[in-house]
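Have a look at the structure below before the remarks.
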Amino acid sequence: MSFDRLIRRIAETGNPTVVGLDPKLEYIPAPIKEAAYLAHGHTLEGAAEAILAFNKGIIDAICDVVPAVKPQCAYYERFGWPGMKALADTIAYAREKGLFVIIDGKRNDIGSTMGAYAAAHLGEVDVDGERFTPFGGDALTVNGYLGTDGIAPLLDLCREKDAGIFVLAKTSNPSSGELQDRSLEGRPLYAVMGEMCEKWGESTRGEYGYSAVGAVVGATYPEQLSELRAALPHTFFLVPGYGAQGGGAADVAGAFDSRGLGAIVNSSRAVLTAWQKQGRPEAEYAAAARDEAIRMREDIASHIPAIHL
């Protein structure tokens, strides 16, 4: 299953983290933007070209020290079709470099519409008998609050394409509790959603005990993170909220099992803007990102069990 591949990459790198590729133009060094604008003008195409060049530099710098990247679709969609092409090209480049790619789209629908999302981001499409891979991600974030009708269309594809999904359970944002902490038959809604992830993934468990149906559980709620880890032994966690959102290594420790597995922790802004925060020259933006990725790896590794398969 898909998360077996991710787990092996985590073990190879000794690093249970993922770098979020959520680029803003203000994060990108001026020479990269100037080159893109010289070729395409101050246009959507120019912005997208700058983003792609920036992403490639980051990927080159981190591909041997992190197992995965997570592009967030919104940062590409806002630049229209050129931005979506930059997303596709970023995914392809990351996979060429051996990285596991989690597409952060939080897709949510039912039936054939959810099937279309699945085909777009994880699978293939048929064009009059010819098969094409639109984006080619390894995993996709999804919203499970439409119930099984919104998840079932993904499961066959997860088996067929060795793909995975991360279902929103307890998210890292401050207002998540307005809905996710509400009681449903005496239990928090997030706990019910986690239980559903376990059920949905029953037929997709892999070599290391985790299914292809993961859950998004935020670092900003460490007690709930530990609670869900104990309750969901077969559900792999994607953990946002470390770093810029306030979560620390001690906060995410509860996401991991006794093998140092079971979760991957995301950091986006802290890595992408490391050159600015460290006061380094623009030419060192990728080296600064690498240094921050290594710092994050060491920080988290110091709080969890030693990683082993």
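Residues in the sequence shown are numbered consecutively from 5, following the numbering used here.
Just so it is clear, CB atoms sit at the ideal spot from N, CA and C, and this is done for glycine as well.
Since this is a predicted model, take the numbers as computed values, not measurements.
The beta carbon of residue 285 sits closer than 8 Å to the beta carbons of 279 from its chain, once the five residues preceding and following it are set aside; these are given in chain order. Every alpha helix (DSSP H) of 4 residues or more that sits fully in the segment 7-55 is shown, in chain order, as 34-44. DSSP assignment within the segment 184-238 yields the following whole alpha helix (DSSP H) runs of 4 residues or more, N-terminal first: 193-204, 226-235. Nearest Cα to residue 296 within the set 13, 184, 15, 24: 24. If one requires a minimum length of 3 residues, the beta strand (DSSP E) runs lying completely within the segment 44-129 are 72-75, 104-111, in chain order. For residue 149, the closest alpha carbon among the candidates 68, 55, 170, 137 is that of 170. Taking the Cα of residue 262 as reference, the smallest distance to any Cα among 226, 282, 312 is reached at 312. Contact between the segment 166-185 and the segment 217-229 is present, with at least three C-beta pairs closer than 8 Å. Exclusion of the five residues before and after residue 186 leaves 193 as the residues of its chain whose Cβ lies within less than 6 Å of its Cβ.
Pairing residue 178 with residue 252, the inter-Cα distance amounts to about 16 Å. Within the same chain, and ignoring the five residues on either side of residue 32 in sequence, the residues whose Cβ sits closer than 6 Å to its Cβ are 54, 58. In the three-state reduction of the DSSP assignment, residue 299 falls in the helix class, which pools H, G and I.
For the pair residue 125 and residue 107, the CB atoms are nearer than the 7 Å cut-off. Residue environment for residue 310: exposed (fewer than 16 other C-beta atoms within 10 angstroms of its C-beta).
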